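Just so you know, the protein sequences line up as chains A and B, in that order.
So the first sequence is residues 10 to 684, counted in the numbering used here.
So the second sequence is residues 72 to 424, counted in the numbering used here.
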Amino acid sequence: MAIRRFNAPLLAYVSPLWYIDDYEKALKANEQHQQPRNAGSSAAAASSSSSSSRVVESRKQQALLQSPRALPLDWWETVLDYSRNISAVLGASKSSSGASMTQSTKSTRDMEMPSILRAIWDLLEIFYVDKHASSWLPEQLINWLERYDKVLAILGPTIHCKLAVLQPRLVNTRFPEDDEDYWSGLTSALAVGWLDVVVKCLRMHGSYQHDQIDNRQTENGLVEAVVVLITKMPRLRPNPKLDTLGVTYTFKPEFSKAWERWRNQIAKLNSSSFWLECTHEGTVNGLKQLLSVLLGDVNTLTAATMHWMELLVSHFLFIRPFLMGAEGLLSLARKCVQLKLPAEADQMLDLLLAILGEDTEVVLVECRKLFDPWMLTHMVELLLAKNGQAQLFLTEEREVLDGMSLEEFHRLVYAQLLSSHPCTWQLAPFYLASCPRQGQGLLEAVLLMQPVSSHSKAPMKVLDICRMYELRSVGDKYMRMVGVYHWKHGRKGLGISWLQCGRDYERLSCAADELLAAVSQTSAGDSNRLQELDGLIDLLGPQFEGFGGLAFLHRFRDFKVSLYSFQEAQTNLAGIDKQVVAGKAATKHLIQLMKDGITPQRFLLPLLQDSVELLEYSGEVLVTAAETNALLLKLQNFFLTNKHDDINSTEIMSQSVAKIRLALACNLGRAILKE
Amino acid sequence: MQMEMTQLDGMVVHTSWNQSKLRMAVALSDGALQIWDASTEASGTSHLTLTGHWDAGVGGFCPKVTWAPSEYGDVVASCSVDGVISLWEEVILDGETEGTWRRIASLNTAQLSVLDMQFSNTKTGLLLLVISADGHARIYHTIDVLNVAKWQLQAELQNSRTPIEINGKYTFLGASVAWRSSTSRSPQPAFAFGCNSSSSSLNVAKVWEFEQSHQRWFCVAELREADELDKPVNHVSWAPNIGRDVRNPQMSCIEHVIVFPPVSLPVPGSYEMIAVASGDGISIWQVAGAQEKCSVRRVARLMGFEDEVWQAEWDMSGMTLASAGSDGIVRLWQANLKGVICIVINFAIIMST
């Protein structure tokens, strides 16, 4: 039998809990790439995100203690730390432009599946958390695309895919300039600002090779001129980037001047006469294409890019280089989408546009469609960092959710997911503790679901959690379950201890009853068994003073032990004195048991049957006349009260009673004579 | 939790998971019972291992098996077609290392086949509700807390009310019971009970509640709308309540064919949810209040099944409903943020021989 899943949510994108949804697939991916991604590491990832959440939650509580009405203005910095910690948990992202060129497209797709989460996470951070980033949004988006263009490849063709296909061909080609794809790849890479890739590839141009028959000096000069222009491209950035090409300017006026100067140089080169001297048509056309990109030609940029985000970034780089904030960003993005409509439905389109437009409601709806509850639970903190409208939307109580807010609802769903696995259930209480409406109910249910078996570590963890969250009644109930389990599975002492911890006096009373029965059935000679029962009785402990059976149990045990000594003395033919001393001790315990009225009815007959041995002892009269009378009275009362039970047992009982009565009568006669 | 697919040998009649969902009891057609235990590997996957197999001694197939709450140890109840219910307990006897399943009690019901049975843990002791082929619900009670060996019949209830229904000769093909979950805030035990019988008037799910003052069980609500009259009840499931309540009741939107007129709950407060799988759909009911103040309303009728719906089960939070039917598809249902209940995932069961 097999199970086929269909009509599933649009994308089964993975999270730190991906193994729960798609473990088999992930295992296969691991086998291919030898990556140590297993359930343990995923659980560790879930654990790391949980610790980051704890930190931000505790800071929030502290901040609210200081000013209960609102969080401090610099709260976004705390969330930024949190966001970066979570982002790190989601896996390292390498720059797509250079390093990942060596990876094949297929492996890129498989390996970077979790990165789709990180890509969206980082984009949310840019738009919702980082206040500094809001002044440099285009630059942030350029950097974002550089990191995550390979991730967008999951949704359709991107420049990264194109370069990944081109790269192995370039290695084996001596004169790449003859290949149209070479120039097409370079144009695309330049359009999204991957200057280092473009420069590296241009340096592979055949004109750089020394052992050539043709004179290609002019051609080489043109290539080198373009390389220099690309290397000197002015960029308006908050900070200079050491590992990338281009000249960084932090002030707009300076950048403006440099940009004009640079553009003039390009225009000058574009209209120079050297192009006429270059005989290689491919090189001329290719370089001209590159210059068109640098000059911001819309048609060239549109043709060179593949994904709408790439086109958007190319606009920032070459058409609107002075744009710094978010003004016009969304409308520009929509235009790019229209120009680059994907062949198939782009499942991320609405989400990306919603993030660019900071439309919280749509962001949440789309994330709910695309990602699992991990994302929804953890991203709420980002959405709340600086956006007042999001605060209202996420924290208002909703009747349709039984009074829960969206924030609580997502936490509850995620906690339920965590609690379904033995590696992660312990993370659930933290999330549930912050769910005011239904968190406690689910936490109690989760705790009471934990296994109680001896090979499980769950019991101690459950108790810790109950102590931490002051769930005393749940703890008691759970300890009761553990106690019964051990009691039934041959660990009676452990069972008693757990039942005592759980204050389950009803079950302890039943346990004591069972021990009584066991003692009464144990022969006096089985000292090991008696010792074991003795230990268990001791374990029931002094706190059971109010419980009548315990006092009886101790005396019953004393009687059994002394009776055994008496039997031993007789068997070993010890001296009469010793036999008498042992017999009198046993008689003393027997009389005590009879006197105080603590002996349960069902123990009376076995006790009196045991007493026959003492009564019939020939060496000396061990039971006095008064004591014998007391025993006779007990026997008579017992016989009368149990007369109406079922016929069979009454018959057996009658025989026993007759035997005891005879022994008592004989002893009474001997005792009277002696006295 | 991801669990490896396990192939069970023999003709399986019924299965039941214990409270921690790590042990499964299986009733086989030859009258044997099996216990399968889940264990988790370091890699995170779980698999089932057969740890117990014994002949339940019922002289035929065992139609139902169910677990008692964990506070009573590892106890399962099995039944025979002639109405004998056996309670089995796992113990480790002195000197042994492996657990043994031993019979601790036998209940002779009405010498009729048992259609369904469920345990419920209450403040006054453990209850076992048994539905027999005469359509009667019998409630057995024990006050033992450590050894549930002695039971007594507490009540015998009929799902019929009119003299015609009571005296009529009807055949009961199936029945289903569901106790109010222990997480509910209500102190009194209650259960929902529905039948699949030859009389359409008896094919209605009803809610029964115990009233402390009279020490009696009362039928407090009927869960049936006009469009369900001829539909036999195949399964009822009472949703766990982890804090569900409503302050300003509003009508939920309904998807899949049926829309009801807006009805408000009379008293805002805690309410329960019951799913009734009847015919080719599932009805979701809200139940609020207790005894004579009990009010019910159907909030959704989930349709779209190709044929009979066999079973509907809630998850531990009462937010997701799983359904299974004769079309071989397991569907998971959830309410979206507008209150519309819709399918979130479908699983098709492909049988291979």
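Note that CB positions come from ideal geometry on N, CA and C, so glycine has one too.
Small disclaimer: the values here were computed from a predicted structure and weren't measured.
Start and end residues, beta strand (DSSP E) containing residue i
i, result
"Asp126 (chain B)", "Ser117 to Asp126"
"Tyr258 (chain A)", "Val256 to Tyr258"
"Leu186 (chain B)", "Val185 to Thr193"
"Phe262 (chain B)", "Ala261 to Ser268"
"Ala226 (chain B)", "Gln223 to Gln229"
"Gln382 (chain B)", "Val380 to Trp385"
Where residue i sits in the DSSP three-state scheme
i, result
"Ile168 (chain A)", "helix"
"Tyr241 (chain B)", "coil"
"Arg476 (chain A)", "helix"
"Ala103 (chain B)", "strand"
"Asn417 (chain B)", "strand"
"Asp398 (chain B)", "coil"
"Gln44 (chain A)", "Annotation note: pLDDT 38 at Gln44 (chain A) (below 50); position unreliable, coordinate value reported separately. In this structure, Gln44 (chain A) counts as coil in the three-state DSSP scheme."
"Arg93 (chain A)", "helix"
"Ser114 (chain B)", "coil"
"Met344 (chain B)", "strand"
"Lys92 (chain B)", "coil"
"Ser323 (chain B)", "With a pLDDT of 43 at Ser323 (chain B), under the threshold of 50, the predicted position of this residue should be treated as unreliable, though the coordinate-derived value follows. Residue state, collapsed to three classes: coil."
"Gly352 (chain B)", "strand"
Candidates the options, of which the one nearest residue i by Cα
i, options, result
"Ile353 (chain B)", "B:Ala383, B:Cys365, B:Asp378 and B:Glu377", "B:Ala383"
"Glu453 (chain A)", "A:Ser465, A:Lys466 and A:Ala437", "A:Ala437"
"Ser110 (chain B)", "B:Val147, B:Asp165 and B:His118", "B:His118"
"Ser173 (chain B)", "B:Trp159, B:Ile163 and B:Met390", "Rather than Ser, the amino acid found at residue 173 (chain B) in this sequence is Arg. The shortest Cα separation from Arg173 (chain B) among B:Trp159, B:Ile163 and B:Met390 belongs to B:Trp159."
"Ile125 (chain A)", "A:Met603, A:Phe380 and A:Leu385", "A:Phe380"
"Lys69 (chain A)", "A:Gln530, A:Ala335 and A:Asp83", "A:Asp83"
"Pro431 (chain A)", "B:Gly399, B:Glu112 and B:Arg369", "B:Glu112"
"Val88 (chain A)", "A:Val65, A:Leu74 and A:Thr531", "A:Val65"
"Leu641 (chain A)", "A:Gly678, A:Ile607 and A:Phe439", "A:Gly678"
"Ser67 (chain A)", "A:Pro262, A:Ser443, A:Leu304 and A:Gln540", "A:Ser443"
"Leu244 (chain B)", "B:Asn305, B:Asp215 and B:Ser253", "B:Asn305"
Continuous alpha helix (DSSP H) stretch holding residue i: start and end
i, result
"Ile125 (chain A)", "Ser124 to Leu133"
"Gly504 (chain A)", "Lys501 to Cys510"
"Ala297 (chain B)", "From DSSP, Ala297 (chain B) is part of no alpha helix (DSSP H); its letter is neither H nor E."
"Tyr494 (chain A)", "Arg481 to Lys497"
"Arg446 (chain A)", "No alpha helix (DSSP H) holds Arg446 (chain A); DSSP gives it neither H nor E."
"Ser529 (chain A)", "Tyr514 to Gln530"
"Gln274 (chain A)", "Lys261 to Asn279"
"Ile600 (chain A)", "Ile585 to Lys604"
"Glu363 (chain B)", "Neither: Glu363 (chain B) is in no alpha helix (DSSP H) and is coded neither H nor E."
"Tyr440 (chain A)", "Ala437 to Ala442"
"Val621 (chain A)", "Gln610 to Leu624"
"Val302 (chain A)", "Glu290 to Leu303"
"Gln149 (chain A)", "Leu146 to Leu161"
Inter-residue CB distance, residue i and residue j (contact presumed, cutoff 8 Å)
i, j, result
"Val208 (chain A)", "Ile239 (chain A)", "6 Å"
"Arg489 (chain A)", "Leu508 (chain A)", "7 Å"
"Leu217 (chain B)", "Ala520 (chain A)", "6 Å"
"Leu614 (chain A)", "Leu599 (chain A)", "No, Leu614 (chain A) and Leu599 (chain A) are not in contact; Cβ-Cβ is about 13 Å, not under 8 Å."
"Gly334 (chain A)", "Ser144 (chain A)", "6 Å"
"Leu572 (chain A)", "Asp619 (chain A)", "6 Å"
"Ala127 (chain B)", "Ala139 (chain B)", "Not quite, the Cβ-Cβ distance comes to about 16 Å (not below 8 Å), so this is no contact."
**Prompt:** For the region 412–420 of chain A against the region 153–173 of chain A, are there 3 or more C-beta pairs whose distance is under 8 Å?
**Reply:** no
**Request:** Decide if the region 170–177 of chain A is in contact with the region 211–219 of chain A; the criterion is three or more beta carbon pairs, one per stretch, under 8 Å apart.
**Result:** Result no; under three Cβ-Cβ pairs closer than 8 Å.
**Inter-stretch contact at 8 Å, needing at least 3 Cβ pairs: the region 174–181 of chain A / the region 190–197 of chain A** = yes
**contact_flag[the region 207–218 of chain B, the region 191–198 of chain B] where n(CB pairs < 8 Å) is 3 or more** = yes
**Request:** Decide if the region 249–262 of chain A is in contact with the region 221–236 of chain A; the criterion is three or more beta carbon pairs, one per stretch, under 8 Å apart.
**Result:** no
**Item:** Given 8 Å, three or more beta-carbon pairs between the region 374–392 of chain A and the region 353–368 of chain B
**Value:** no
**Asked** On the three-pair Cβ rule with 8 Å, is the region 223–231 of chain B touching the region 298–318 of chain B?
**Response** With contact defined as three or more Cβ pairs closer than 8 Å, the region 223–231 of chain B and the region 298–318 of chain B are not in contact.
**Prompt:** Between the region 308–327 of chain A and the region 339–347 of chain A, do at least 3 Cβ pairs fall closer than 8 Å?
**Reply:** yes
**Asked** Taking contact to mean at least 3 C-beta pairs separated by less than 8 Å, is the region 586–593 of chain A in contact with the region 643–652 of chain A?
**Response** No, they do not touch.
**Request:** Flag this pair as touching only if the region 174–189 of chain B and the region 137–155 of chain B have three or more C-beta atom pairs under 8 Å; answer yes or no.
**Result:** A contact exists between the region 174–189 of chain B and the region 137–155 of chain B.
**Message:** For the pair the region 450–465 of chain A and the region 83–98 of chain B, tell me if three or more CB-CB distances fall below 8 Å.
**Reply:** yes
**Request:** State whether the region 259–278 of chain A contacts the region 303–311 of chain A, with contact taken as three or more CB pairs (one from each stretch) at a distance under 8 Å.
**Result:** yes
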